[in-house]
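Numbered continuously in UniProt numbering, the sequence shown closes out at residue 146. The beta carbon of each residue, even a glycine, is placed where N, CA and C say it ideally should be. As the structure is a prediction and not an experimental result, all values here were calculated from the model.
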Amino acid sequence: HIGNANLGNNNLGSGNFGSFNIGSANLGGNNIGIGNAGANNFGLANLGNLNTGFANAGIGNFGIANTGNNNIGNGLTGNNQIGIGGLNSGNGNVGLFNAGSANIGFFNSGNGNFGIGNSGNFSTGLFNPGHGNTGFLNAGSFNTGM
Numbered sequence: 001h002i003g004n005a006n007l008g009n010n011n012l013g014s015g016n017f018g019s020f021n022i023g024s025a026n027l028g029g030n031n032i033g034i035g036n037a038g039a040n041n042f043g044l045a046n047l048g049n050l051n052t053g054f055a056n057a058g059i060g061n062f063g064i065a066n067t068g069n070n071n072i073g074n075g076l077t078g079n080n081q082i083g084i085g086g087l088n089s090g091n092g093n094v095g096l097f098n099a100g101s102a103n104i105g106f107f108n109s110g111n112g113n114f115g116i117g118n119s120g121n122f123s124t125g126l127f128n129p130g131h132g133n134t135g136f137l138n139a140g141s142f143n144t145g146m
């Protein structure tokens, strides 16, 4: 130990309960930072494992306050997402405010959409409430155009 009140082994810092920590008040092992309750974290107050950042409760996150897993960004509650400012609640989304899964873009509430405001599934474009549409404002399914 280098430090004070370390209960584990090979810690550098103070108040580490696990082993191989660098920092202070790490409850898990192999952490670098302060107040990490999980293991293999780099940062502050990470509750999960394999996180880089601050206050990540999930596993394998990079960013801030991600409660899901394998996210890059902030405030992501789903899994396998990339977003800044987050608020993607589904899985596998890239962008912002996607409530479905496997979306690329913004405000997509369906699944497998590419664009903005698609509430259906597998649409490409803008504001398509139907399914499989390419274009804009298609209320039905499998339309191309407007």
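inquiry  = 8 Å is my cut-off, CB to CB: does THR124 come that close to chain D?
reply    = Here there is only one protein chain, and chain D is not present.
ask   = In chain order, what residues of the same chain have a beta carbon less than 6 Å from the beta carbon of ASN31, not counting five sequence neighbours either side?
value = Your numbering for residue 31 matches position 31 in the sequence shown. Counting only Cβ-Cβ distances below 6 Å, and skipping sequence neighbours, we find ASN21 and ASN41.
request  = Identify, in the order they occur along the chain, each residue of the same chain with its Cβ nearer than 6 Å to the Cβ of ASN143, setting aside the five sequence neighbours on each side.
outcome  = Position 143 of the sequence shown, counted from the first residue, corresponds to residue 143. The residues are ASN133.
task = For the segment 26–60, list the beta strand (DSSP E) runs that are entirely contained and at least 3 residues long, ordered along the chain.
result = 32–34, 42–44 and 52–54
key: Completely contained beta strand (DSSP E) runs for the segment 71–121, where each covers 3 or more residues   = 72–74, 94–96, 104–106 and 114–116
inquiry  = Could you tell me the alpha carbon to alpha carbon distance between ALA45 and ASN61, rounded to whole angstroms?
reply    = For the purposes of this step, residue 45 is taken as residue 45 along the sequence shown, with counting starting at 1. For the purposes of this step, residue 61 is taken as residue 61 along the sequence shown, with counting starting at 1. When rounded, the distance between both Cα atoms is 13 Å.
inquiry  = Assuming contact is defined by CB atoms lying nearer than 8 Å, are GLY13 and GLY23 in contact in what I supplied?
reply    = For the purposes of this step, residue 13 is taken as residue 13 along the sequence shown, with counting starting at 1. For the purposes of this step, residue 23 is taken as residue 23 along the sequence shown, with counting starting at 1. Yes, Cβ-Cβ distance for GLY13 and GLY23 is below 8 Å.
inquiry  = Taking only three categories from DSSP, how would you classify THR124?
reply    = In the sequence shown, residue 124 corresponds to position 124, counting from 1. In this structure, THR124 counts as strand in the three-state DSSP scheme.
ask   = Does the beta-carbon distance from GLY105 to GLY95 come in below 8 Å?
value = Looking up residue 105 in the sequence shown gives position 105. Looking up residue 95 in the sequence shown gives position 95. Contact flag set, yes.
ask   = Short check: CB of PHE136 to CB of PHE122, under 8 Å?
value = The residue given as residue 136 occupies position 136 in the sequence shown. The residue given as residue 122 occupies position 122 in the sequence shown. Contact: no.
query = In the DSSP assignment, what residue or residues form a beta bridge with GLY15?
reply = Residue mapping note: residue 15 aligns to position 15 of the sequence shown, counting from 1. According to DSSP, which records beta bridges pairwise, GLY15 is partnered with nothing at all.
ask   = Which of helix, strand or coil does DSSP assign to THR134?
value = Looking up residue 134 in the sequence shown gives position 134. Note: THR134 maps to strand in three-state DSSP.
Rounded distance between the beta-carbons of GLY78 and GLY90, thought under 8 Å = Position 90 of the sequence shown, counting from 1, holds the residue named residue 90. Position 78 of the sequence shown, counting from 1, holds the residue named residue 78. Yes, they are in contact, since the Cβ atoms of GLY90 and GLY78 sit about 5 Å apart, within 8 Å.
request  = Go to ILE64, then tell me how far its beta strand (DSSP E) extends in each direction, as first and last residue.
outcome  = Taking the sequence shown and counting its residues from 1, the one referred to as residue 64 is at position 64. Here the beta strand (DSSP E) through ILE64 covers 62–64.
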